Structures are given as C-alpha cells and as structure tokens.
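Undergrad: In this note's numbering, the protein residues as written are 1 to 155. Every residue gets a Cβ at the ideal spot worked out from N, C-alpha and C, and that includes glycine. If you're wondering where the values come from, they're calculated on a predicted model, not measured in any experiment. Handing you a structure now.
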Amino acid sequence: MFGQVVLVLATVATGLGAGLFYAFSCAVMPGLRRSDDATRVQAMQRINEAIQNPVFALSFAGAPLLTAVALVADAVAGDWPRVLGEALGLILLGSALVITFRINIPLNLALDRADPADPAAAWRAFERRWVRWNNVRTLATTAGLAALVVTLALI
Numbered sequence: 001m002f003g004q005v006v007l008v009l010a011t012v013a014t015g016l017g018a019g020l021f022y023a024f025s026c027a028v029m030p031g032l033r034r035s036d037d038a039t040r041v042q043a044m045q046r047i048n049e050a051i052q053n054p055v056f057a058l059s060f061a062g063a064p065l066l067t068a069v070a071l072v073a074d075a076v077a078g079d080w081p082r083v084l085g086e087a088l089g090l091i092l093l094g095s096a097l098v099i100t101f102r103i104n105i106p107l108n109l110a111l112d113r114a115d116p117a118d119p120a121a122a123w124r125a126f127e128r129r130w131v132r133w134n135n136v137r138t139l140a141t142t143a144g145l146a147a148l149v150v151t152l153a154l155i
C-alpha cells in the first residue's frame, strides 16, 4: 500500500511539473513574443523570481524523489513490472532536471544579469535556446507522466 500511495503522489507531482512546462511552451513564451523586448525581459525576470518558492520546489523536486521512493518500495516488494515503469519515469524526470539545471537556469541567470540598456540583445541570447530546451523538458516530463500513469494502471 505504501508504494501505491507514493506512486500516486509522484504521478500528481509529475503532472504539475509537466503542466507548468507545457504552459510555458504553448502560452507564456508565445505571449511574451508578442511584447516588446524590454517587457519580455522584465516579465521573464519577474517569473524567474516568483517561481523560486516552496510550493514549486516541493513539486519540482518531489516528483523524482517520490518516484525513486516508489521504485525502491516496489523493488523490495518484487513488483518488477511497476519497477520498470517507475524506472522509465525516473529516467525521464531526471533528464528534465538535467536540462533545467544545465540549460534553462543558466539562461535565466544570464537574463537576470543582462544589460538593461539593450533588452533586444538579452532576449536574442535567451529566447531560442530557452524555448527549445523547455520544449524538450516538456516532452520528457510528459512522457514521464505517461510512464507513471501506465504504471498506476498496473495496481
């Protein structure tokens, strides 16, 4: 029962993360693209500040952590089909974490330090790469969510 509860929590946390990345892909970044450069830079800087909060941190870090706990619990119980699904989910969530920490966060930090006198240059250096890798992490977390949902179906 413990592994099942943890897997449900992991799946919910993963869905929240996938939904956030998806919202950036299909609404936030396209919306910012319709603004002027100074507004784009300032809005993204404010978003970067606002997202650093305990609620987001709990779901962002909680998804892979809870998935790992569910995986260990199911491995101990010998439920290998669930372990495989959880392992796949964990690999996909881990890839999104790597992308976030190696690409998106450094781009966010560079945008935060950008010269306010040249927002166009700051946005050009930021947008294309950030959007591309956000789309990749959106796909990774969505695939991770699908893996966990299928694993839940095995219960």
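Suppose you measure from the CA of N104 to the CA of E127; what does that come to, to the nearest Å?
TA: 10 angstroms
Undergrad: According to DSSP, simplified to helix, strand and coil, what is S35?
TA: coil
Undergrad: Taking 8 angstroms as the threshold, find out whether the stretch 59 to 72 comes into contact with the stretch 89 to 98 through three or more Cβ pairs.
TA: yes
Undergrad: Distance, Cα to Cα, A70 vs A147?
TA: 13 angstroms
Undergrad: Would you say the beta carbon of M44 is closer than 7 angstroms to some non-hydrogen atom of the ligand SAM?
TA: The ligand SAM is absent from the structure shown, which contains no ligand whatsoever.
Undergrad: Cα-Cα, which of N135, N134, L16 and A73 is closest to Q4?
TA: A73
Undergrad: Answer with buried or exposed for F2, where buried requires no fewer than 16 other C-beta atoms within 10 angstroms of its C-beta.
TA: exposed
Undergrad: DSSP three-state label for A157, please.
TA: Outside the displayed range of the chain (1 to 155) lies residue 157, so it cannot be described from this structure.
Undergrad: What's the C-alpha gap between D37 and V55?
TA: 30 angstroms
Undergrad: Can you find the residues in the same chain that come closer than 7 angstroms, C-beta to C-beta, to W123, ignoring five residues on each side of it along the sequence?
TA: D37, R40 and V41
Undergrad: Report all residues from its chain with a CB closer than 6 angstroms to the CB of T142; omit the five preceding and five following residues, and keep chain order.
TA: A18
Undergrad: Taking C-alpha atoms, which residue in P116, L7, V8 and Y22 lies nearest to A43?
TA: P116
Undergrad: Taking just the CA atoms, how far does L152 sit from R33?
TA: 38 angstroms
Undergrad: With a threshold of 8 angstroms on Cβ separation, who are the neighbours of P30 within its own chain once the five nearest residues in sequence on each side are excluded?
TA: none
Undergrad: Please determine, among A77, D112 and V12, the residue with the shortest C-alpha to C-alpha distance to R46.
TA: Selected option, being the one with the closest Cα: D112.
Undergrad: Can you tell which of R129, L84 and A110 has its C-alpha closest to the C-alpha of L7?
TA: The shortest C-alpha separation from L7 is found at L84.
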